[in-house]
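Going by UniProt numbering, the residue at position 416 of the sequence shown is 416; the numbering climbs one at a time, nothing skipped. Heads up, the thing below is written out as structure tokens.
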Amino acid sequence: ADANGHVNANQKGGKAKQKLNKQQNAMIRMQQQVERIVQSRKERMEKSASGAALEGALGRVSLSSTKNPRQMLQLSADAAKANKERGSDAAAAPDAGHARDAVRQALEGASLGGGGNADVRRDPLTKHEVLRILERLYDLVLQLEQLRRNAPAAPGEVGVEDDAGAEAKAAWNAHQAEQAAVTGALWTELRVLEPLEISDPHPFVSLLSSAKGKRLLPRALRHLSSEQTLTALTMVVASFESLDVVRNGRLLDDLSDDPTRVEARRDAERQSETFATTIVPSMMQMASTAPMRIVSGMLALFVERNDPVRVTQTRPGVAFLTIFLSRAETLKQQGDVPAEELEQFKQIFALLFSRLTAHGQLVTLFPSTRTKMSLPFGVSYYMGSGLGQQLSAQTVGGKYRNVDLEDEPSWNLMAALAIGASMDQQQVLVQELREKILENVISAKEWQKRNPGAVQDDINPDIRIRNVNLLLHALNLDAAQISV
1 ADANGHVNAN QKGGKAKQKL NKQQNAMIRM QQQVERIVQS RKERMEKSAS GAALEGALGR
61 VSLSSTKNPR QMLQLSADAA KANKERGSDA AAAPDAGHAR DAVRQALEGA SLGGGGNADV
121 RRDPLTKHEV LRILERLYDL VLQLEQLRRN APAAPGEVGV EDDAGAEAKA AWNAHQAEQA
181 AVTGALWTEL RVLEPLEISD PHPFVSLLSS AKGKRLLPRA LRHLSSEQTL TALTMVVASF
241 ESLDVVRNGR LLDDLSDDPT RVEARRDAER QSETFATTIV PSMMQMASTA PMRIVSGMLA
301 LFVERNDPVR VTQTRPGVAF LTIFLSRAET LKQQGDVPAE ELEQFKQIFA LLFSRLTAHG
361 QLVTLFPSTR TKMSLPFGVS YYMGSGLGQQ LSAQTVGGKY RNVDLEDEPS WNLMAALAIG
421 ASMDQQQVLV QELREKILEN VISAKEWQKR NPGAVQDDIN PDIRIRNVNL LLHALNLDAA
481 QISV
């Protein structure tokens, strides 16, 4: 029975992975971008790598020979405490005042700091109001798509200066006027320019609370100017914490079999997947051409308006940070960013880093950690030895889950943080994740010892080594160097 169960789990896992690859190409492209950036950085580091250069990232590096460095990842309690205190001080050191000044400047430079009349408030849109507005928005989008298909030839393409040419020009002008009017109506109905504090959630955010609204946004953005697109996505970032995919994000960590909670979890899963396949690609497209001042402005707005830890405990939050941190590193590698913009980004990054690593919360950005914290009888009850078989794969509410696969985007984010971090920040990063790294490496090795003939695939624990290496490769290290 166990063997059959294992086969079924693998089959389901394969189907789940195929579905993931088909539905979430944007996530895959994001991971590939991080891997390219890590590889580029790794190649540069290898030219000057030494034991001394690596020291401080993972603690003590033992060199058994100059050609065969061996990473120990073993720190005494006193050293660990001292390193953590130094790292915390370093994270907060670009003093809060300077960092907040950088936030303000970034918001102004990116035209993201516009406020509204905070005194004017009203109740949030009801569910029925949202549906009525979405119906009108869909009608406008369909009308614009029809206008595009039926667009007359531009006057310059007609080459006749007689009555036919005049008629063509008049038809073109009439078409352009109609298209502009419908586009204006679409922009107004989206309610993006409503004051930021007018309601909670903001009217625009309320429209994104349904799958229908999430699917509409990319279609609507195709008809808007680049400035309007930036403004709309800026509103998403400014209101991240009030998005339904963030408010209901914790439902995804719930392992309860209660029918009501299972249904709520399934709905949260559907909404999260829809966000990943609609709005995340729009963010990626915008970020791919964004200059550093826009990247800094978006990250500054994210830190200023939201609780970074709470938002980054959700898939959309992880995706957003990975996209924009990767873009920042790409711009830095290109080498044509003004010094003042680089300094501004550095200060905003330091503020973001200190928020994410405060109070030991960094490890809670991993779905597997949050899932285990919700287990009623503790981790050891479900894991046997505590380091052996992890909650790697199981069926929850009739749906197959692999929490190690779910951890992969979070490890990608850790890699993006490591790439942009200073040596002191890297030390803090690894100190915060030290137990997580060891847990993955030890459990994978113990599982392999107990199952020497097992086929290694995405369902089996070697994915934990792959996950850990996403971070370690960004530090020019490898899990094979860890002594356990």
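By construction, the Cβ of each residue, glycine as well, lies at the ideal position given by its N, Cα and C atoms.
Within 10 Å of its beta-carbon, does Asp407 have 16 or more other beta-carbons around it, so buried, or fewer, so exposed? buried
Contact between the segment 339 to 358 and the segment 419 to 436: three or more CB pairs below 8 Å? Verdict: yes, contact present.
Glu329, buried or exposed, once every other Cβ within 10 Å from all chains shown has been counted against 16: By the beta-carbon neighbour count (other beta carbons within 10 angstroms, threshold 16), Glu329 is buried.
Is there contact here, the segment 233 to 248 with the segment 297 to 304, by at least three beta-carbon pairs under 8 Å? yes
Name the two residues that bound the continuous alpha helix (DSSP H) containing Ala222. Inspection of the sequence shows that residue 222 is occupied by Arg rather than by Ala. Note, Arg222: premise wrong, no alpha helix (DSSP H); not H, not E.
From Arg327 to Ala181, what does the alpha carbon distance come to, in whole angstroms? 35 Å
Take the Cβ of Val120 as the centre, count every other Cβ of all protein chains shown within 10 Å, and call the residue buried at 16 or more, exposed below. That one is exposed.
Whole angstroms are fine: how far does the CA of Gln361 sit from the CA of Met292? 28 Å
Could I get the ranges of all uninterrupted alpha helix (DSSP H) runs contained in the segment 330 to 365, with 4 residues as the minimum, in chain order? 339 to 357
What is the DSSP secondary structure of Arg401, reduced to helix, strand or coil? strand
Do Asn469 and Asp478 count as a contact pair if the criterion is CB distance below 8 Å? For Asp478 and Asn469, yes; Cβs fall inside 8 Å.
Nearest to Arg270 by CA position, among Ser282, Leu252, Met286, is which residue? It is Leu252 whose Cα lies nearest to the Cα of Arg270.
Need the endpoints of the alpha helix (DSSP H) that Ser209 sits in, please. Per DSSP, Ser209 belongs to no alpha helix (DSSP H) and is neither H nor E.
Measure the C-alpha to C-alpha separation of Gln344 and Val295 and round it to an integer number of angstroms. 11 Å
Compute the Euclidean distance between the alpha carbons of Asp424 and Phe204, then round it to the nearest angstrom. 40 Å
Indicate the three-state DSSP secondary structure (helix, strand or coil) for Ala151 in the structure shown. coil
Cβ-based neighbour list, Gln143, same chain, cut-off 6 Å, excluding 5 preceding and 5 following: Val182
Among Ser282, Phe366, Gln333, Asn306, which has the Cα closest to the Cα of Ile419? Gln333
What are the boundary residues of the alpha helix (DSSP H) that Ala290 is part of? Element bounds for Ala290: n/a, residue is neither H nor E.
Any 3 or more C-beta pairs closer than 8 Å across the segment 260 to 280 and the segment 213 to 226: yes
Go ahead and pull the three-state DSSP assignment for Ala480. helix
In this structure, does DSSP put Val468 in helix, strand or coil? helix
Around the Cβ of Ala480, are there at least 16 other Cβ atoms within 10 angstroms (buried) or fewer (exposed)? exposed
The segment 191 to 200 contacting the segment 122 to 138, beta-carbon criterion three pairs below 8 Å: yes
Under the three-state DSSP convention, the category Asp139 falls into: helix
What did DSSP end up calling Val192 once you bin it into helix, strand or coil? coil
Would Phe324 pass as a contact of Ala287 if the rule is Cβ separation under 8 Å? yes
Report the rounded CA-to-CA distance for Arg315 versus Ala154, giving the unit in angstroms. 44 Å
Where does the unbroken alpha helix (DSSP H) through Ala444 begin, and where does it stop? For Ala444, the uninterrupted alpha helix (DSSP H) segment begins and ends at 423 to 450.
Applying the 10 Å Cβ sphere with the 16-neighbour rule, what's the burial state of Ala164? exposed
How many angstroms separate the CA atom of Met284 from the CA atom of Ala264? 29 Å
Taking the alpha helix (DSSP H) that Pro367 falls in, what are its first and last residues? 367 to 373
Would you mind stating whether Asp404 and Ser374 have Cβ atoms separated by less than 8 Å? Their beta carbons are not under 8 Å apart, which means Asp404 does not touch Ser374 by this criterion.
Would you decide whether Leu58 is buried or exposed? Buried here means 16 or more other CB atoms lie within 10 Å of its CB. Because the pLDDT at Leu58 is just 41, under 50, the model does not fix this residue reliably, and the value given afterwards should be weighed accordingly. Buried: at least 16 other Cβ atoms inside 10 Å.
For Glu273, tell me which candidate among Pro259, Ser443, Arg148, Ser209 has the shortest Cα-Cα distance. Ser209
Outcome for Asp244 when other beta-carbon atoms lying within 10 angstroms are tallied against a minimum of 16: With a threshold of 16 other beta carbon atoms within 10 Å, Asp244 meets it and is buried.
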